[in-house]
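*Asks:* Before I ask anything, let me first share the structure, which is written out below as structure tokens.
Residue numbers (my numbering), protein chains in the order written: chain A, 487 to 878; chain B, 204 to 601.
So this is what it looks like as structure tokens:
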């Protein structure tokens with residue numbers, strides 16, 4: 487047992503921090519968030535071309551680097567810390583994980599090398615209007631045809647859905663409900679019948695879209711995993727994504743603390759830095775408790791995810807740890823959601839009046855905290871999942 | 204980063220579990236799951252007998268070096284031991300102050316002579332220790348100790364005068380480590396000494412403090428010309444603060460794992476009650492039980508981070524927040540326990556004031572956020588050392 491980063495992981499983390507501090511400073515975030523696309527082409531080109539992060543946990547046989555989820559979480563932590571505006575989360579945590587979990591070898595060969603090379607971005611579309619969490623959120627309908635499948639329905643809250651090249655779509659057979667009848671499909675965004683509308687968002691650092699599917703005809707090899715029985719696979723993808731988002735939140739919680747403490751050290755009232763008042767210090771200490779506890783929860787979940795992916799790939803993962811995935815993901819997402827919101831909200835208070843302005847960055851963290859809290863189940867929902875495991 | 208245990212460690216786990224199953228039975232059945240926080244006054248003699256039983260099996264001081272009677276277990280094995288100990292319902296350890304605090308301090312700072320003299324009794328479960336830190340005017344301001352230690356040239360012994368307070372299990376202990384002021388002119392953390400004092404002597408009076416629970420595990424200890432051998436000082440005269448602070452570092456180390464396992468048993472009992480009485484169907488209770496479960500898991504992960512960090516435990520950020528996290532968590536757990544019990548939470552186990560285990564825990568947990576550094580002091584420390592925020596200007600009252 488060794489619950490800390492090894493040298494290589496530490497290096498990945500430090501390199502990411504240095505790179506993101508340069509390409510995702512306040513001005514860069516504000517440039518990217520003002521666009522409909524949601525990211526700067528030059529920054530994304532450097533990420534996929536120089537850093538090769540999009541290929542990090544794709545196995546080498548599909549053109550990736552073959553590293554693990556721990557390294558990936560180290561990246562997400564830093565991206566959350568620097569509020570990177572990019573299609574990284576949607577492509578890597580959603581689309582790539584879906585392909586790793588549900589696709590057969592041929593499908594992996596089709597899609598993963600394109601993602602690894604940086605030419606293709608992707609996302610996951612699974613929630614229909616009125617939906618939120620759990621299998622009931624899936625309401626788009628798939629019908630089997632002579633040559634494949636036809637999809638119909640509307641999907642909302644699709645991260646980067648208006649720019650992604652590959653849509654992983656969850657749909658269900660007509661008249662099915664709950665966990666039954668759900669299937670996953672790989673749908674190129676330019677398929678006939680797919681309409682994509684960008685939705686303006688309160689958190690402008692992450693873009694969302696609505697996708698309308700009208701009689702979208704797909705070949706039979708578009709089906710990922712088992713027909714009508716893909717809920718366990720979708721659930722696993724969502725759990726892996728929850729851990730990625732939790733890591734982002736943890737990085738954001740840390741940065742909200744750091745910039746707020748920095749501000750209070752330089753802000754003088756009553757002839758002393760306000761950071762010397764216990765009223766401020768105790769708030770900061772409580773934020774530190776949240777940030778450090780979030781770190782413990784997110785890193786632990788990362789280790790669990792690493793084993794879960796190894797087991798899923800038929801490798802030599804630790805099956806006991808892998809089995810902890812649902813619990814570890816719920817703990818990480820619930821805790822990190824609350825921690826980020828607490829730290830960002832407290833950060834505004836520590837900034838005083840300027841915390842309420844557009845100019846200071848703490849407001850960006852406050853908005854990101856809320857958008858990530860809602861994404862993939864908020865703390866209340868995840869605690870109820872844990873309660874089911876403990877009490878029912 | 205690797206969370207898995209090696210096959211050798213899993214073998215060790217089986218060994219611990221088997222030993223616990225074969226030994227924590229018969230006369231010891233009655234102390235299973237007993238003697239935790241708020242319940243420490245219960246079964247003192249039985250728990251001491253259990254301590255000797257553990258010693259026979261070689262399960263005391265397992266993290267100490269072999270040359271001092273320990274088992275030289277790795278951190279992983281210590282984690283496993285604590286996990287299996289709790290799973291089996293192992294009682295609150297009567298010897299934890301000796302094993303977790305006094306012993307490691309003597310190992311780190313003591314002379315060879317002191318190691319030979321004091322460590323075997325801790326390992327054997329025959330000598331028990333208590334902690335003489337706090338005083339009536341030295342609570343959060345611990346460096347303000349006024350207990351005096353003077354060296355008597357005639358008898359070649361130290362003579363101690365003063366008072367300690369909040370001394371857990373002083374009435375059950377043979378020895379006390381005492382922080383006392385040697386240099387009369389000194390102030391704050393200068394001029395202190397760290398003394399190993401025999402409890403059974405005319406110069407020491409122990410008076411139990413009746414607590415909010417109606418029970419007494421804390422005491423006042425009065426020193427009236429109490430004596431302490433010339434060689435029973437750890438570190439040099441004047442270095443007492445350094446030793447005393449290092450000891451607090453040990454407190455945040457592996458010994459926290461034993462505490463976590465007790466917490467785990469308490470939470471398990473709350474969950475049992477909730478399932479039995481239907482509270483488990485209440486949406487608010489469900490949220491709070493899940494939250495408690497999360498907090499405990501995260502406590503374990505943070506402890507694993509601290510332990511993986513190696514020697515410099517006290518300096519890491521996760522160590523700075525650890526006490527705040529567990530103390531607040533446990534205080535909340537007490538309230539949760541009462542809310543799960545509902546109206547039954549008011550009904551005591553017996554007259555005149557015999558509380559059941561969860562009631563005792565609920566009341567006792569109010570002390571968690573006070574002793575060992577209040578939450579407020581912990582926040583100051585976290586903010587100043589962890590975040591580099593400036594100290595408050597000192598107000599000098601003439």
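Don't be surprised by glycine CBs; every beta carbon is placed ideally from N, CA and C.
Check this for me: beta carbons of residue 737 of chain A and residue 567 of chain A, under 8 angstroms apart or not?
*Replies:* Taking the first chain and counting its residues from 1, one reaches residue 737 of chain A at position 251. Taking the first chain and counting its residues from 1, one reaches residue 567 of chain A at position 81. In contact: residue 737 of chain A and residue 567 of chain A (Cβ atoms closer than 8 angstroms).
*Asks:* In the DSSP assignment, the alpha helix (DSSP H) including residue 538 of chain A goes from what residue to what residue?
*Replies:* Working through the first chain from its first residue, we reach residue 538 of chain A at position 52. Note, residue 538 of chain A: premise wrong, no alpha helix (DSSP H); not H, not E.
*Asks:* So what's residue 515 of chain B in DSSP terms, helix, strand or just coil?
*Replies:* Numbered from its first residue, the second chain carries residue 515 of chain B at position 312. Caution is warranted here: a pLDDT of 46 is assigned to residue 515 of chain B, below 50, making its placement in the model unreliable, and the coordinate value is therefore given only provisionally. Here residue 515 of chain B sits in coil by DSSP.
*Asks:* Once the 5 residues before and after residue 769 of chain A are set aside, which same chain residues still bring their CB inside 8 angstroms of it?
*Replies:* Within the first chain, the letter at position 283 stands for residue 769 of chain A. Taken in chain order, the residues that qualify are 832, 835, 836.
*Asks:* Any heavy atom of the ligand MN closer than 7 angstroms to the Cβ of residue 575 of chain A?
*Replies:* Only the bare structure without any ligand can be found here, which leaves the ligand MN out of the picture.
*Asks:* Taking C-beta to C-beta, are residue 651 of chain A and residue 621 of chain A nearer than 8 angstroms?
*Replies:* Here residue 651 of chain A is taken as the residue at index 165 of the first chain, counted from 1. Here residue 621 of chain A is taken as the residue at index 135 of the first chain, counted from 1. Not a contact, by the Cβ cut-off of 8 angstroms.
*Asks:* Pull up the distance between the alpha-carbon of residue 305 of chain B and that of residue 332 of chain B, whole angstroms please.
*Replies:* In the second chain, the residue the question calls residue 305 of chain B occupies position 102. In the second chain, the residue the question calls residue 332 of chain B occupies position 129. If you take the alpha carbons of residue 305 of chain B and residue 332 of chain B, they lie about 7 angstroms apart.
*Asks:* Could you check what DSSP says for residue 475 of chain B in three-state terms: helix, strand or coil?
*Replies:* Sequence index remark: in the second chain, residue 475 of chain B carries index 272 (1-based). Note: residue 475 of chain B maps to helix in three-state DSSP.
*Asks:* Tell me, please, which residues DSSP counts as bridged to residue 379 of chain B.
*Replies:* As a working note, residue 379 of chain B is residue 176 in the second chain. Residue 379 of chain B pairs with B:333, B:400.
*Asks:* Are the CB atoms of residue 862 of chain A and residue 819 of chain A nearer to each other than 8 angstroms?
*Replies:* Translated into positions along the first chain, residue 862 of chain A becomes position 376. Translated into positions along the first chain, residue 819 of chain A becomes position 333. Yes, the Cβ-Cβ distance between residue 862 of chain A and residue 819 of chain A is below 8 angstroms.
*Asks:* For the beta strand (DSSP E) holding residue 431 of chain B, just list the boundary residues, first then last.
*Replies:* Within the second chain, the letter at position 228 stands for residue 431 of chain B. Residues 422-432.
*Asks:* Expressed to the nearest angstrom, what Euclidean distance is found between the alpha-carbon atoms of residue 584 of chain B and residue 544 of chain B?
*Replies:* The residue labelled residue 584 of chain B in the question sits at position 381 within the second chain. The residue labelled residue 544 of chain B in the question sits at position 341 within the second chain. About 36 angstroms.
*Asks:* What's the C-alpha gap between residue 422 of chain B and residue 369 of chain B?
*Replies:* Taking the first residue of the second chain as 1, we reach residue 422 of chain B at position 219. Taking the first residue of the second chain as 1, we reach residue 369 of chain B at position 166. Rounded to the nearest angstrom, the two C-alpha atoms are 5 angstroms apart.
*Asks:* Considering just the uninterrupted stretch of the beta strand (DSSP E) at residue 628 of chain A, what are its terminal residues?
*Replies:* As a working mapping, residue 628 of chain A is identified with position 142 in the first chain. Residue 628 of chain A -> beta strand (DSSP E) spans 627-630.
*Asks:* Of all the options A:698, A:755, A:718, which has the alpha carbon lying nearest to the alpha carbon of residue 678 of chain A?
*Replies:* For this step, residue 678 of chain A is matched to residue 192 along the first chain. Of the listed residues, the one whose Cα sits closest to residue 678 of chain A is A:698.
*Asks:* Report all residues from its chain with a CB closer than 7 angstroms to the CB of residue 293 of chain B; omit the five preceding and five following residues, and keep chain order.
*Replies:* Here residue 293 of chain B refers to the residue found at position 90 of the second chain. Contacts found: 223, 227.
*Asks:* Under 8 angstroms Cβ to Cβ from residue 593 of chain A, same chain only, skipping five residues before and after it: list those, please.
*Replies:* What you label residue 593 of chain A is simply residue 107 of the first chain in a count that begins at 1. Result list for residue 593 of chain A: 585, 672, 707, 710, in chain order.
*Asks:* For residue 808 of chain A, collect the residues of the same chain with a Cβ closer than 6 angstroms to its Cβ; drop the 5 residues on either side in sequence, then sort them by chain order.
*Replies:* Residue 808 of chain A sits at position 322 when you count from the first residue of the first chain. Counting only Cβ-Cβ distances below 6 angstroms, and skipping sequence neighbours, we find 793, 794, 797.
*Asks:* Counting only C-beta atoms, is residue 517 of chain B closer than 8 angstroms to chain A at any point?
*Replies:* Translated into positions along the second chain, residue 517 of chain B becomes position 314. Per-residue confidence for residue 517 of chain B stands at a pLDDT of 49, beneath the threshold of 50, marking its modelled position as unreliable; no derived number is given.
*Asks:* At a cut of 8 angstroms, does the stretch 839-858 of chain A reach the stretch 471-483 of chain B through at least three beta carbon pairs?
*Replies:* The stretch 839-858 of chain A vs the stretch 471-483 of chain B: no contact.
*Asks:* Using 8 angstroms for Cβ pairs, my map puts residue 377 of chain B next to residue 433 of chain B. What's the rounded Cβ distance?
*Replies:* The residue you call residue 377 of chain B lines up with position 174 of the second chain. The residue you call residue 433 of chain B lines up with position 230 of the second chain. About 19 angstroms; that fails the 8 angstroms criterion.
*Asks:* Have a look at B:542, B:553, B:531 and flag the residue whose alpha-carbon is nearest the alpha-carbon of residue 578 of chain B.
*Replies:* Mapped onto the second chain, residue 578 of chain B falls at position 375. With distances taken between Cα atoms, residue 578 of chain B lies closest to B:531.
*Asks:* Can you tell me whether residue 515 of chain B is buried or exposed, with buried defined as 16 or more other CB within 10 angstroms of its CB?
*Replies:* The sequence position of residue 515 of chain B within the second chain is 312, counting from 1. For residue 515 of chain B, the pLDDT reaches just 46, beneath the cut-off of 50, and the residue's location in the model is therefore unreliable, although a value from the coordinates is still provided. Exposed, by the Cβ-count rule.
*Asks:* Does residue 206 of chain B come within less than 8 angstroms of chain A when only Cβ atoms are used?
*Replies:* If you number the second chain from 1, residue 206 of chain B lands on position 3. Taking Cβ atoms only, chain A reaches closer than 8 angstroms to residue 206 of chain B, which makes this a yes.
*Asks:* From the beta carbon of residue 211 of chain B, is the nearest beta carbon of chain A less than 8 angstroms away?
*Replies:* Numbered from 1 along the second chain, position 8 holds the residue referred to as residue 211 of chain B. Answer no: the Cβ-Cβ gap between residue 211 of chain B and chain A never drops below 8 angstroms.
*Asks:* For chain A, find out if any of its Cβ atoms is closer than 8 angstroms to the Cβ of residue 598 of chain B; answer yes or no.
*Replies:* Here residue 598 of chain B is taken as the residue at index 395 of the second chain, counted from 1. Not closer than 8 angstroms to any Cβ of chain A, the Cβ of residue 598 of chain B fails to qualify, so no.
*Asks:* If you measure from the beta carbon of residue 480 of chain B to each beta carbon in chain A, is any gap under 8 angstroms?
*Replies:* In the second chain, counting from the first residue as 1, residue 480 of chain B sits at position 277. Not one chain A Cβ lies under 8 angstroms of residue 480 of chain B.
*Asks:* Within 8 angstroms (strictly less), CB to CB, does residue 576 of chain B reach chain D?
*Replies:* The structure shown contains no chain D; its protein chains are A and B.
*Asks:* Can you name the residues of chain B whose CB is closer than 7 angstroms to the CB of residue 683 of chain A?
*Replies:* One-based indexing of the first chain puts residue 683 of chain A at position 197. What residue 683 of chain A touches in chain B: nothing, since even the nearest Cβ is about 36 angstroms away.
*Asks:* With C-beta atoms as the reference, is residue 406 of chain B less than 8 angstroms away from residue 435 of chain B?
*Replies:* Locating residue 406 of chain B in the second chain gives position 203, counting from the first residue. Locating residue 435 of chain B in the second chain gives position 232, counting from the first residue. In this structure, residue 435 of chain B does not lie closer than 8 angstroms to residue 406 of chain B by Cβ.
*Asks:* Can a CB atom of chain A be found closer than 8 angstroms to the CB of residue 347 of chain B?
*Replies:* Numbered from 1 along the second chain, position 144 holds the residue referred to as residue 347 of chain B. Answer no: the Cβ-Cβ gap between residue 347 of chain B and chain A never drops below 8 angstroms.
*Asks:* Pairs of beta-carbons, one from the stretch 604-613 of chain A and one from the stretch 638-653 of chain A, closer than 8 angstroms: are there three or more?
*Replies:* Yes, they touch.
*Asks:* Whose CA, out of B:220, B:547, B:571, B:557, lies closest to the CA of residue 284 of chain B?
*Replies:* Start at 1 with the first residue of the second chain, and residue 284 of chain B comes out as number 81. Among B:220, B:547, B:571, B:557, the Cα nearest to that of residue 284 of chain B belongs to B:220.
*Asks:* Whose Cβ in chain B lies nearer than 9 angstroms to the Cβ of residue 642 of chain A?
*Replies:* Counting from 1 along the first chain, the entry for residue 642 of chain A is found at position 156. Those within 9 angstroms of residue 642 of chain A in chain B number zero; the least Cβ separation is about 27 angstroms.
*Asks:* Examine chain A for any beta-carbon lying closer than 8 angstroms to the beta-carbon of residue 375 of chain B, and answer yes or no.
*Replies:* The sequence position of residue 375 of chain B within the second chain is 172, counting from 1. Judged by the 8 angstroms Cβ criterion, residue 375 of chain B is not in contact with chain A.
*Asks:* What residue from A:561, A:703, A:844, A:554 has the CA that sits closest to residue 537 of chain A's CA?
*Replies:* Walking along the first chain from the start, residue 537 of chain A turns up at place 51. Ranking the options by Cα distance to residue 537 of chain A, first place goes to A:561.
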